[in-house]
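J.: The structure is given below, and queries will be raised subsequently.
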Amino acid sequence: MVEPNEGHVRRLTEAYVREFQSSAISHARSLEVLVDGISHGARTYAPFPLRIVQAQGAWITDTAGHRLLDYWQGHYANILGHNPPEVTSFLIESLQHASGLQTGLPEEQEIEYCELLAKATGSERVRLTTSGTLATMYALMIARAHTGRKVVVKVGGGWHGANPLALKGVAHNESGYDSVDSAGVSPTADDEIIITCFNDVEALERVFASQGDRIAAFIFEPCPSVAGFIPASRAYMETARRLTYHYGASLILDEVITGFRYCASGVQRLYGIQADISTYGKIIGGGMPIAAVTGRDDLLSLTSEHAHPRVWFNGGTYSAHPLSLTGGLSMLRHLVSNEQTVYEVLARRGRALRQGIERVMAERGILARCTADGNEIVQGGSLSSVYFPKQADLQPQGPDDLNDPRLCDVQMRETVLKLGLLLHGVNVVHGLGALSMAHGDREIAATCEAFDRLAEEIQDSR
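If you're matching positions, the sequence shown starts at 40 in this note's numbering and goes up one per residue.
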């Protein structure tokens with residue numbers, strides 16, 4: 040395969056600095072007051088991140104007026120694109136004629152929202168909060184309280200927010216995914232968080248066979264973001280359900296990203312699996328901050344003020360914020376009512392985008408593959424990552440394969456694609472990101488053209 044040399048990476052960086060000087064100035068200013076100049080680690084990269092002033096549909100505009108195609112789409116939340124009228128019209132109406140900003144009081148639409156979410160996901164109970172991080176934290180607290188156990192099993196590379204009960208095995212190092220990732224967590228975290236390998240049925244069986252009576256919960260994303268959204272195999276999902284049931288542990292599916300992304304429900308519906316507890320976020324807010332913990336009545340009831348012992352689940356001051364409920368309700372209604380159209384269109388466009396990228400890269404002599412073609416359960420979709428295998432026959436099954444520099448060119452994905460595509464008017468994250476309903480044929484063609492131009496530059500740099 041054609042690999043970029045250090046000289047090309049340096050030239051890309053220099054060109055980026057020249058082209059986006061306005062963002063460089065903003066970043067220097069932000070460093071004076073914000074730690075690292077940002078409020079979320081996923082929003083920064085070397086040498087500095089873009090600062091934007093406007094977003095609409097598939098496009099964003101930075102402080103210098105550059106108009107770029109965006110595949111980050113609000114941390115993958117904006118399935119209809121930035122600021123879709125299907126949501127914003129209801130937000131405007133709420134601000135002008137309803138409760139609008141925070142009241143701190145229960146609202147009628149809170150009931151309607153939770154009824155719709157519960158029905159769509161097959162859940163008996165719902166509790167709302169403000170972020171996916173809090174949702175997964177509360178889910179694990181419930182599981183630990185229910186079982187009287189402390190050990191959490193998760194997959195290597197799995198990200199469940201900055202949740203102190205799952206902050207191990209997030210970052211890849213020379214020995215894989217085996218380290219506690221944050222200072223300040225409990226000194227028992229290393230013993231109480233066990234890492235297993237995604238899509239490895241035998242590894243999961245070994246963990247439960249040796250530690251089953253200590254395990255409170257197994258938590259994982261059905262299509263892990265760090266694995267380029269490669270879906271769980273049917274065997275892996277069914278094994279997870281069988282083992283957690285057999286050993287009396289809770290199965291927690293983190294659907295913060297996958298919820299309502301592949302169908303108007305959690306992706307678990309496609310597998311015919313019902314988790315004990317599920318977490319949702321991103322899409323279910325319609326671009327507004329909201330997250331949910333859903334699941335069995337006997338588990339969620341542990342958060343009741345009448346429960347003894349009680350899991351103290353207070354969603355926060357802005358939990359069930361009126362505008363979040365308005366945005367979320369309008370989004371859920373739209374997706375449920377238009378399920379067949381939305382997801383068929385996204386799958387078709389996602390397939391066209393992946394095929395187009397692989398084709399133009401191959402024509403330039405670059406071995407590139409796109410994840411998320413799916414399996415017999417999840418038939419591809421709108422989330423994907425471009426990766427650069429060092430051997431053509433690599434069939435990645437999870438994070439271990441995609442993030443091991445011995446198997447894939449990680450620098451090409453994380454640095455060259457990021458900066459190179461920005462210079463050609465496309466914003467990607469971890470190789471690509473999220474397609475939205477606002478990404479039509481024109482946007483897909485423009486994206487493939489940007490990949491082609493970058494591939495030509497990489498080819499010429501050799």
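For glycine and all other residues, C-beta sits at the position ideal for the given N, C-alpha and C.
1) Nearest-angstrom Cα distance between Ala431 and Val455?
2) Mapping DSSP to helix, strand and coil, what is Phe352?
3) Taking 8 angstroms as the CB-CB cut-off, is Asn414 touching chain D?
4) Grab the span of the beta strand (DSSP E) containing Phe259 for me, first residue to last.
5) I think Cys447 touches Val425, with their Cβ atoms under 8 angstroms apart; what is that distance to the nearest whole Å?
6) Specify, as a first and last residue, the run of the alpha helix (DSSP H) that Thr172 falls within.
7) Identify the continuous alpha helix (DSSP H) that holds Thr235 and give its terminal residues.
8) Give the DSSP bridge partners of Leu107, in chain order.
9) Once you ignore the five residues that flank Asp336 on each side, which residues in its own chain have a CB closer than 8 angstroms to its CB?
10) Taking Ser363 as part of the beta strand (DSSP E), name the residues at either end of that continuous run.
11) Lys158: buried (16+ other C-beta within 10 angstroms of its C-beta) or exposed?
12) What residues in its chain sit with their C-beta under 7 angstroms from that of Ile416, if we drop five residues either side in the sequence?
13) Going by DSSP, what residue range makes up the alpha helix (DSSP H) through Gly459?
14) With distances taken from CA atoms, which of Gly96, Ser69, Val92 and Ala94 is nearest Thr83?
15) If you drop the 5 nearest sequence neighbours on each side, which residues of the same chain put their C-beta closer than 7 angstroms to that of Val190?
16) Just to confirm, is the Cβ distance from Arg388 to Leu474 under 8 angstroms?
17) With distance defined between alpha-carbon atoms, name the residue in Tyr216, Val224 and Asn466 nearest to Thr235.
18) Quick one: Cα of Leu374 to Cα of Ala279, how far?
19) With DSSP collapsed to three states, give me the class of Leu338.
20) Since Ala288 and Phe257 are thought to touch, with beta carbons under 8 angstroms apart, how far apart are those beta carbons, to the nearest angstrom?
T.: A quick look at the data gives this:
1) In the sequence shown, counting from the first residue as 1, residue 431 sits at position 392. In the sequence shown, counting from the first residue as 1, residue 455 sits at position 416. Taking the straight line joining both Cα atoms gives about 20 angstroms.
2) Counted from its first residue, the sequence shown places residue 352 at position 313. Phe352 falls in the coil class under three-state DSSP.
3) Here chain D cannot be found, since the structure has a single protein chain.
4) Mapped onto the sequence shown, residue 259 falls at position 220. First-last of the beta strand (DSSP E) with Phe259: Ile254 to Phe259.
5) Sequence index remark: in the sequence shown, residue 447 carries index 408 (1-based). Sequence index remark: in the sequence shown, residue 425 carries index 386 (1-based). Actually they are not in contact, since the Cβ atoms of Cys447 and Val425 sit about 10 angstroms apart, beyond 8 angstroms.
6) Taking the sequence shown and counting its residues from 1, one reaches residue 172 at position 133. Where Thr172 is concerned, the enclosing alpha helix (DSSP H) stretches over Gly171 to Thr186.
7) Counting from one through the sequence shown, the residue named residue 235 turns up at place 196. Run containing Thr235: none in the alpha helix (DSSP H); it sits in the beta strand (DSSP E), Ile232 to Thr235.
8) By 1-based counting over the sequence shown, the position of residue 107 is 68. Answer is Ile99, bridged to Leu107.
9) Reading the sequence shown from its first residue, position 297 is the one you call residue 336. Same-chain partners within the cutoff: Glu163 and Arg164.
10) The residue you call residue 363 lines up with position 324 of the sequence shown. Counting along the chain, Ser363 falls outside any beta strand (DSSP E), though it belongs to the alpha helix (DSSP H) covering Pro361 to Ser376.
11) Against the sequence shown, residue 158 aligns to sequence position 119. Flag for Lys158 reads exposed.
12) For the purposes of this step, residue 416 is identified with residue 377 of the sequence shown, where counting begins at 1. So the qualifying residues of the chain are Pro270, Arg273, Leu309 and Tyr310.
13) Mapped onto the sequence shown, residue 459 falls at position 420. First-last of the alpha helix (DSSP H) with Gly459: Leu456 to Leu461.
14) One-based indexing of the sequence shown puts residue 83 at position 44. Cα-wise, what sits closest to Thr83 is Ser69.
15) As a first step, residue 190 must be located in the sequence shown, where it is residue number 151. For Val190, where only same-chain residues beyond five positions count, the Cβ hits under 7 angstroms are Glu231, Ile233, Gln250, Arg253, Ile254 and Ala255.
16) Translated into positions along the sequence shown, residue 388 becomes position 349. Translated into positions along the sequence shown, residue 474 becomes position 435. At a Cβ-Cβ threshold of 8 angstroms, Arg388 and Leu474 count as neighbours.
17) Here residue 235 is taken as the residue at index 196 of the sequence shown, counted from 1. For Thr235, the nearest C-alpha among the options comes from Tyr216.
18) Position 335 of the sequence shown, counted from the first residue, corresponds to residue 374. Position 240 of the sequence shown, counted from the first residue, corresponds to residue 279. In this model, Leu374 and Ala279 are separated by some 29 angstroms (Cα to Cα).
19) One-based indexing of the sequence shown puts residue 338 at position 299. In this structure, Leu338 counts as helix in the three-state DSSP scheme.
20) On the sequence shown, residue 288 is found 249 positions in, with the first residue counted as 1. On the sequence shown, residue 257 is found 218 positions in, with the first residue counted as 1. About 6 angstroms separates the Cβ atoms of Ala288 and Phe257, confirming a contact at the 8 angstroms cut-off.
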